[in-house]
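Colleague: Be aware that the sequence shown starts at 0, since it is given in numbering that gives the first Met the number 0, and climbs by one per residue. Glycine is no exception: its CB is placed at the ideal position from the N, C-alpha and C atoms. Quantities reported herein were computed from a predicted structural model and do not represent experimental measurements. Dumping the structure here so I can ask a few things about it.
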Amino acid sequence: MQPGTDVVTVGVGGNTLGFAEILFTCLQLGSGSGGVGTPCRDDLADNIPSRLNQVNADCDAMLARLHERAPHAKILAVGYPTVIPKNTSKCRYDDYEQFGSITQGDLDWLRQDVMEPLNAVIEKSAAKRGDTFVNLYHSSSGHSVCDAGKWVEGIFTRLPDQVAFVHPNARGHQNAADHVASAILNSISVS
């Protein structure tokens, strides 16, 4: 990155949080549960606050470093889309093109106590320095893994050979690109 850089976009947090590890653990713990209970929440809930604190610290440090390396740049921190619907009854237990063996109760927990707080941590960290948070969560509502018009794939895009492990599909990437482009244009016009 050059000191004369005008705009920087970053997507952060999921790897620091260990979201893939959390999902894998939820798959294992939900297997054989018949879709009942919250085995993942029961096992992992106590360590989520410390994971979110680590995301906050790492995000703060990364943004500080970006400001050092590109002191005049507008920095855009991109959040995460809606992955899990508010109505988790849309999600079919043991459907690996959705969330596989993760229980409905654990999906509610993952949405409320993991994904939504993750976005809040990124937004708060960006706000501390006057950076822009690009919110993908609201625009992707109704397009979760379990929705008919999904913008995020489940564990598999297609069984048994197309692993997606809960990542955006082309429509999800287009939504992100549209919001990032708009944020870039807004940041340039404010300069």
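1. Are the stretch 157-175 and the stretch 105-123 touching, with three or more C-beta to C-beta distances below 8 Å?
2. Leaving aside the five residues before and after Ile199 along the sequence, list all residues of the same chain whose C-beta is less than 6 Å from its C-beta, in chain order.
3. With distances taken between CB atoms, is the gap from Phe164 to Ala19 smaller than 8 Å?
4. If you follow the beta strand (DSSP E) that Thr131 is in, where does it begin and where does it stop?
5. Between Asn86, Ser100, Val82, Gln1, which lies nearest to His142 when the distance is taken from Cα to Cα?
6. Reducing DSSP to helix, strand and coil, say where Ala76 ends up.
7. If the criterion is Cβ atoms closer than 8 Å, does the pair Ala182 and Leu135 meet it?
8. To the nearest angstrom, report how far apart Thr102 and Thr15 are at their CA atoms.
9. The beta strand (DSSP E) spanning Gly10 covers which residue range?
10. On the three-state DSSP scale, how would you describe Val165?
11. For Gly99, which beta-bridge partners are listed by DSSP?
12. Mind pulling the beta strand (DSSP E) runs of 3 or more residues that sit fully within the stretch 110-152?
13. The beta strand (DSSP E) spanning Thr37 covers which residue range?
14. State whether the stretch 142-153 contacts the stretch 91-100, with contact taken as three or more CB pairs (one from each stretch) at a distance under 8 Å.
15. Is there contact here, the stretch 43-62 with the stretch 115-130, by at least three beta-carbon pairs under 8 Å?
Modeller: The answer reads as follows:
1. No, the stretch 157-175 is not in contact with the stretch 105-123.
2. Residue 199 lies beyond the range of the chain shown here (0 to 190); nothing can be said about it.
3. It is a contact, given that the beta carbons lie within the stated cut-off.
4. Element bounds for Thr131: 131-133.
5. Answer by Cα proximity: Val82.
6. If DSSP states are grouped into helix, strand and coil, Ala76 belongs with the strands.
7. No, Cβ-Cβ distance for Ala182 and Leu135 is not below 8 Å.
8. Going by the C-alpha atoms only, they are around 24 Å apart.
9. Segment 6-10, the beta strand (DSSP E) holding Gly10.
10. Coil, per DSSP.
11. Per DSSP, the beta-bridge partners of Gly99 are Asp94.
12. If we require 3 residues or more, the beta strand (DSSP E) runs fully inside the stretch 110-152 come out as 131-133.
13. No residue range can be given for Thr37, since it is assigned to no beta strand (DSSP E) and is classified by DSSP as neither H nor E.
14. Segments in contact, yes.
15. With a cut-off of 8 Å on Cβ pairs, the stretch 43-62 is in contact with the stretch 115-130, counting three or more such pairs.
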